[in-house]
Amino acid sequence: MKIAIASQPNNQISSHAGHCRTFWIYNTTDDQVLDKTVLNLNADQTFHETFHNQGMQVPHLLDDVDVVIAASMGQGLLNRLEQKQIRAIITSETDPDAAVAAYLDHTLVEVAPDTHHHHEDGHGDGCACATATA
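Residue numbers (this note's numbering): 214 to 347.
Here it is in structure tokens:
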């Protein structure tokens with residue numbers, strides 16, 4: 214199983230996964246971490262930029278992960294990850310290693326998604342990022 218943790222800028226679990234450019238990638242078995250690497254995305258490779266500007270059909274560098282864990286993410290990203298059969302988890306855990314260990318032993322505490330997600334990217338009220346499904 215492959216788990217991606219949104220983590221910027223200080224190696225803690227990051228909020229707003231859609232704009233995150235750094236992800237820790239954990240390759241795991243059912244109960245242990247095999248290895249951990251970092252994936253740094255360019256600004257135009259973030260979930261937000263690729264989904265908003267190119268749509269769901271364009272492959273993403275994280276399409277091969279099974280799980281994405283972050284401190285927050287909008288409903289649009291949650292929907293898109295689900296469509297790509299990627300499990301999205303929002304947690305209050307701040308340590309990436311602790312979150313993966315808790316996920317593997319089924320003790321990771323999940324937080325409900327923020328249904329009042331607001332953009333700070335200049336799209337304004339007309340942005341379909343949070344509601345588009347394709």
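Don't be surprised by glycine CBs; every beta carbon is placed ideally from N, CA and C.
Owing to the predicted nature of the structure, the values given are computational and were not obtained by experimental measurement.
Endpoints, the beta strand (DSSP E) within which residue i is located
i: Asn253; result: 246 to 253
i: Val281; result: 280 to 283
i: Ala301; result: 300 to 303
i: Ala219; result: 215 to 219
Supposed contact pair residue j and residue i - C-beta distance, whole angstroms, cut 8 Å
i: Val280; j: Ala230; result: Rounded, the Cβ-Cβ distance is 12 Å, inconsistent with contact.
i: Leu274; j: Leu290; result: Wrong, their Cβ atoms sit about 15 Å apart, outside the cutoff.
Residue i vs residue j beta-carbon contact at 8 Å
i: Ile226; j: Glu306; result: yes
i: Asp285; j: Ile302; result: Note on identity: in this sequence residue 285 is Ser, with Asp being the wrong assignment. No, they are not a contact pair.
i: Met214; j: Thr241; result: yes
Residue i, enclosing alpha helix (DSSP H) - first and last residue
i: Ala312; result: 309 to 317
i: Asn292; result: 288 to 296
Cut-off 8 Å between Cβ atoms - residues of its own chain near residue i, not counting five sequence neighbours on either side
i: Arg300; result: Asp279, Val280, Val281, Leu294
i: Gln221; result: Ser227, Cys233, Arg234, Thr235
Proximal residues to residue i (C-beta, below 7 Å), its chain only, five neighbours per side dropped
i: Val271; result: Thr263
i: Gln258; result: Leu274
* At a cut of 8 Å, does the region 288 to 302 reach the region 235 to 254 through at least three beta carbon pairs? -> no
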